[in-house]
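Structure record follows, encoded as structure tokens.
2 protein chains.
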Amino acid sequence: MRFSKATNYALHTMLMLVDASTVKPVGVQQLAESQGVSPTYLSKILTRLVKAGMIESVSGVNGGYRLSRTKDDITFLDIIHAIEGTASLFECDFVHGTECSIQAVMKEAEEKMERHLQQTKLADLAQKQTQV
Amino acid sequence: MRFSKATNYALHTMLMLVDASTVKPVGVQQLAESQGVSPTYLSKILTRLVKAGMIESVSGVNGGYRLSRTKDDITFLDIIHAIEGTASLFECDFVHGTECSIQAVMKEAEEKMERHLQQTKLADLAQKQTQV
DNA sequence: CAATTACAGAGTTAATATATCTATAATATC
DNA sequence: GATATTATAGATATATTAACTCTGTAATTG
């Protein structure tokens, strides 16, 4: 069980957009090049962030992507959920008499992780590092 | 990103072994049947728990698996690590100037989850439910 | 209109999960 | 000691998912 590389691309891209202008969009070409990934593939990933309402895209010349919310709003969990989905990490499909107590423990553990990812905002990291 | 079904099999099997005798081993046939999985496959999974020192196997007639430690010792994390490995859930392989601050956040989140899984022992659940 | 950019859908390749099959080794019981 | 029973190992098979690539379309700017 690992987070996908797509999630890594999404997180790094979002961090760049937080540090970039909220007016002038950044082209996927530039975003992709700095991460060593193909523009078409990154675009496919970013489209999911657009649909999640985190960023917006501008077509045409000088187009690209930019934040659509204030940067303080966006949490790690938002981004991860947009890419990986919101399904539980652990799903017991056995038919128990009662609820599966193992699943209950796993769910609690997952919630501990998610709580931390929800508390951490992108803005907490912005400008803290040389990106990618 | 999901926990594998193998992890689910391992957790349920361990819970059964905790509730079973520590002297008379339980055959994989029985363990497999109650979970609706093939004995050879489950055996392959359980062998990893044997190598991790959690359970021991007995060959031959009336053989099977039984706990090798006291049941209070074994945590969820022990079992999960034995099956899924101990690698980080998130690995940023970009070459940043400094350490990747995104990875740092992800690692903290993962540690929150692992802490909970390490604090929860199998014994906490034993006899609490009708198994599988 | 022409150039540039994002979007959508199909298809490809590689890796991983989820098994299955067969043969071998160990043990208890007769 | 022979036989039945059980775990183990290794090779192989199948399905699912990840990680892309390719091609064409739509939108926007100048």
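Going line by line, the protein sequences match chains D and A. According to the working numbering, numbering within the first sequence proceeds without interruption in unit steps and concludes at 316. According to the working numbering, numbering within the second sequence proceeds without interruption in unit steps and concludes at 316. The C-beta atom is built at its ideal place from N, Cα and C for all residues, glycine as well.
Given a threshold of 16 other Cβ atoms within 10 Å of its Cβ, counted over all protein chains shown, does residue i qualify as buried or as exposed?
i: alanine 293(A); result: buried
i: asparagine 246(A); result: exposed
i: valine 279(A); result: exposed
i: alanine 194(A); result: buried
i: aspartate 262(A); result: buried
i: threonine 282(A); result: exposed
i: threonine 197(A); result: buried
i: phenylalanine 231(A); result: It should be pointed out that residue 231(A) corresponds to threonine in this sequence rather than to phenylalanine. Threonine 231(A) comes out exposed.
i: threonine 191(D); result: buried
i: glycine 248(A); result: buried
Tell me the DSSP bridge mates of residue i?
i: lysine 305(D); result: Thr259(D)
Can you tell me where the alpha helix (DSSP H) with residue i in it begins and where it stops?
i: leucine 233(A); result: 223-235
i: leucine 215(D); result: 212-217
i: valine 202(A); result: 189-203
In terms of residue numbering, what span does the beta strand (DSSP E) encompassing residue i cover?
i: glycine 248(A); result: 248-251
i: valine 242(D); result: 239-242
My guess is that residue i and residue j are in contact by the Cβ rule of under 8 Å, so how many angstroms apart are they, rounded?
i: alanine 216(A); j: leucine 226(A); result: 4 Å
i: methionine 185(A); j: leucine 199(D); result: Actually they are not in contact, since the Cβ atoms of methionine 185(A) and leucine 199(D) sit about 20 Å apart, beyond 8 Å.
Should the region 293-308 of chain A be regarded as contacting the region 199-208 of chain D, the criterion being three or more beta carbon pairs within less than 8 Å? A contact is defined here as three or more CB-CB pairs under 8 Å, and the region 293-308 of chain A fails this definition with respect to the region 199-208 of chain D.
Sufficient close CB pairs (3 or more, under 8 Å) joining the region 224-238 of chain A to the region 260-280 of chain A: Segments in contact, yes.
Stretch-stretch touch, CB-based, cutoff 8 Å, three pairs: the region 296-308 of chain A with the region 253-264 of chain A: Three or more beta-carbon pairs separated by less than 8 Å link the region 296-308 of chain A to the region 253-264 of chain A, which places the two stretches in contact.
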